[in-house]
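Student: Order-wise, the sequence lines are chains A and B. Following my numbering, the numbering of the first sequence begins with 1 at its first residue and continues without gaps. Following my numbering, the numbering of the second sequence begins with 1001 at its first residue and continues without gaps. Think of the CB as a built atom: it goes at the ideal place given N, C-alpha and C, for glycine as much as any other residue. As the structure is a computational prediction, the values presented were derived from the model and not from experiment. Just dropping this structure here.
Protein chains: 2
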Amino acid sequence: METELTRGEKIAETLEQLVFSGDYKDGDRLDEIKLAESFAVSRTPIREALQRLVLSGFAEQIPRRGVFVRLPGPVDLMEMFETMAEIEAACGRLAASRISDEGLELLEATNTRCQEAIARQDRETYYAENEFFHQTIYRGTANSFLEKEARRLQNRLKPYRRTQLRFRGRMPQSMAEHEQIVAALQNGDGEAAARALRDHVAVQGEKFQQLIASLNG
Amino acid sequence: METELTRGEKIAETLEQLVFSGDYKDGDRLDEIKLAESFAVSRTPIREALQRLVLSGFAEQIPRRGVFVRLPGPVDLMEMFETMAEIEAACGRLAASRISDEGLELLEATNTRCQEAIARQDRETYYAENEFFHQTIYRGTANSFLEKEARRLQNRLKPYRRTQLRFRGRMPQSMAEHEQIVAALQNGDGEAAARALRDHVAVQGEKFQQLIASLNG
DNA sequence: CCTTTAATTCTTGTATACAAAAATCTTGAC
DNA sequence: GTCAAGATTTTTGTATACAAGAATTAAAGG
Chain A
1 METELTRGEK
11 IAETLEQLVF
21 SGDYKDGDRL
31 DEIKLAESFA
41 VSRTPIREAL
51 QRLVLSGFAE
61 QIPRRGVFVR
71 LPGPVDLMEM
81 FETMAEIEAA
91 CGRLAASRIS
101 DEGLELLEAT
111 NTRCQEAIAR
121 QDRETYYAEN
131 EFFHQTIYRG
141 TANSFLEKEA
151 RRLQNRLKPY
161 RRTQLRFRGR
171 MPQSMAEHEQ
181 IVAALQNGDG
191 EAAARALRDH
201 VAVQGEKFQQ
211 LIASLNG
Chain B
1001 METELTRGEK
1011 IAETLEQLVF
1021 SGDYKDGDRL
1031 DEIKLAESFA
1041 VSRTPIREAL
1051 QRLVLSGFAE
1061 QIPRRGVFVR
1071 LPGPVDLMEM
1081 FETMAEIEAA
1091 CGRLAASRIS
1101 DEGLELLEAT
1111 NTRCQEAIAR
1121 QDRETYYAEN
1131 EFFHQTIYRG
1141 TANSFLEKEA
1151 RRLQNRLKPY
1161 RRTQLRFRGR
1171 MPQSMAEHEQ
1181 IVAALQNGDG
1191 EAAARALRDH
1201 VAVQGEKFQQ
1211 LIASLNG
């Protein structure tokens, strides 16, 4: 693994965090000079980081004007979650006939750790294990390109999924759905896995209200 | 529409073309200085363009070493086409219940122009109309995020789809599949549309041999 | 007092300069 | 002749300098 990171990449990551954590409002201009000062570097690596932000969709660039924060609105979020649901469904469909026994065991073990985290009220662990559960399915597709695309979207939606999972009763229900997904994969039933994953990820019913509510917090 | 392009973006596009058109072999280092000279600019916009190439997957960056061309091999291509097939299937599923009457008419009109292009042996037009046919389905999802993702992948695979469609008998068969897809969308049958699109895009059977063969041409 | 226009300031985009790391070449020992 | 270690050259990554376009302010006219 190439864990080496150039400074620009590190700055880009930090900037993403800043944009996520609400330090910036939608439409804010990302001032190169101020950012350079606050990171104690020159404008060059800042500009590199800004470009990355733009290309990954967190910001928008207007030539000769600057880079502006683009936080997704309710409609954007719905669209992104719907897309995620479809991609997860595709992963399930493919993984059903390809995932290895080790992969299936890993899914069960991860679910167990998820359950334990819920019992302990340990949200951080739950989030991490939940993420890993889905990543294991991506891996199960035996399609590294699709796996990477799925991870990219998962990462992009991460901050919003957290706000969703906070709500009462959501975690146990989510776990029940995980069981269903694993069962479908064990049976090699691609269509069932696809359906279960699509419904699991999709934002519908009360989840919709919750997502909207979380935006005005 | 913001049609304004900064120089770096234009250079990035040109570089993509160069990488596509086979001017570079897999693994070639993209020399900043030489590129700067050949484009008659400084290294700064070149580096900007290289970053874009890396982030869109056409090249790989190794810190302190440089940027290297990464042409997809047979396995990468299979993975990408499989992913495209799944995404198109998802688009079909969603579009079946959302596409407008205008959209459906547009699909039929595009198919007609496709047929005419085949009759005329006009490949360029056929390629363009075929592309537009699929984009109309993306649009039909009424999900601009998914639409953008689909277009991104379509664009990435464009040069390889062309080599595929060259083969004898492929174009008429492809047209028949288009008819099937439109029919499914007209009936609002999401699952049928998904299946038809998945099979239409998927690389299977003899198409596989052809794709492999095209790589050694 | 408001509007318009010219001058000034700021900001981005590009070029150049410099430092540190990697690659290459040279030299010497075996 | 081969290999290794050190010196030299290249190349990347970052900082700084400069030019051109955008934003802002100031001034003048109605």
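1) In the DSSP assignment, what are the bridge partners of A/Glu68?
2) Between which two residues does the alpha helix (DSSP H) containing B/Gly1103 stretch?
3) Given a limit of 8 Å on CB to CB distance, which residues of the stretch 1121 to 1153 of chain B reach chain A?
4) Between which residues of its own chain and B/Gly1066 is the CB-CB distance below 8 Å, once the five residues before and five after are set aside?
5) Whose C-alpha, out of A/Tyr160, A/Gln173 and A/Asp199, is nearest the C-alpha of A/Ala213?
6) Relative to chain A, which residues along the stretch 1063 to 1082 of chain B have a C-beta separation below 7 Å, given in chain order?
7) Which whole runs of the alpha helix (DSSP H) in the stretch 1124 to 1179 of chain B are 4 residues long or more, in chain order?
8) Can you tell me the Cβ-Cβ gap for A/Ala202 and A/Glu82, rounded? I've got them flagged as a contact below 8 Å.
9) How is A/Ala40 classed by DSSP in three states: helix, strand or coil?
10) Taking a contact to mean a Cβ-Cβ separation below 7 Å, would you say A/Ala150 touches A/Tyr138 in this structure?
11) Within 7 Å of any Cβ in chain A, is that where the Cβ of B/Gln1017 sits?
12) Taking B/Arg1123 as the reference, which of B/Thr1163, B/Ala1090 and B/Asp1189 has the closest Cα?
13) Ordered along the chain, which non-local residues of its own chain (more than five positions away) have a Cβ less than 8 Å from that of B/Arg1156?
14) Would you say B/Leu1104 faces chain A, with C-beta separation under 7 Å as the test?
15) Around the Cβ of A/Thr110, are there at least 16 other Cβ atoms within 10 angstroms (buried) or fewer (exposed)?
16) Going straight from the alpha carbon of A/Glu218 to that of B/Glu1206, what length do you get?
17) Mind checking if B/Leu1197 is an interface residue toward chain A, Cβ cutoff 7 Å exclusive?
18) Residues of chain B with CB under 9 Å from A/Lys55, in chain order?
19) Inspect the CB distances between the stretch 1060 to 1078 of chain B and the stretch 1017 to 1028 of chain B and report whether three or more fall short of 8 Å.
20) List, in order along the chain, the chain A residues whose C-beta lies closer than 7 Å to that of B/Ala1090?
21) Comparing alpha-carbon positions, which option in A/Ala117, A/Val75, A/Phe133 and A/Pro45 lies nearest A/Gly103?
22) Just the Cα atoms here: how many angstroms apart are A/Cys114 and A/Ala184?
23) Return helix, strand or coil for A/Gln17, following the three-state DSSP convention.
24) Let me check understanding here. Comparing Cα to Cα, which of B/Ser1021, B/Gly1022, B/Phe1020 and B/Leu1050 lies closest to B/Lys1034?
25) Are the beta-carbon atoms belonging to A/Ala142 and B/Glu1086 less than 7 Å from one another?
26) From A/Gln135 to A/Thr125, what does the alpha carbon distance come to, in whole angstroms?
27) Need the endpoints of the alpha helix (DSSP H) that B/Gly1190 sits in, please.
28) Go to A/Ser214, then tell me how far its alpha helix (DSSP H) extends in each direction, as first and last residue.
Tutor: Reading from the atomic positions:
1) A small correction: the amino acid at residue 68 of chain A is Phe; Glu does not occupy that position in the sequence shown. A/Phe68 is bridged to A/Arg29 and A/Glu60.
2) Asp1101 to Ala1119
3) Asn1143, Ser1144, Phe1145, Leu1146 and Glu1149
4) Arg1029, Leu1030, Asp1031 and Glu1032
5) A/Tyr160
6) Pro1063, Asp1076, Glu1079, Met1080 and Glu1082
7) 1144 to 1165
8) 7 Å
9) coil
10) yes
11) no
12) B/Thr1163
13) Ser1056, Gly1057 and Met1080
14) no
15) buried
16) Nothing in the structure corresponds to residue 218 of chain A, since chain A is present only between 1 and 217.
17) no
18) Rather than Lys, the amino acid found at residue 55 of chain A in this sequence is Leu. What A/Leu55 touches in chain B: Gln1051, Arg1052, Leu1055 and Ser1056.
19) yes
20) Glu86 and Ala90
21) A/Phe133
22) 19 Å
23) helix
24) B/Leu1050
25) no
26) 15 Å
27) Gly1190 to Val1201
28) Glu206 to Leu215
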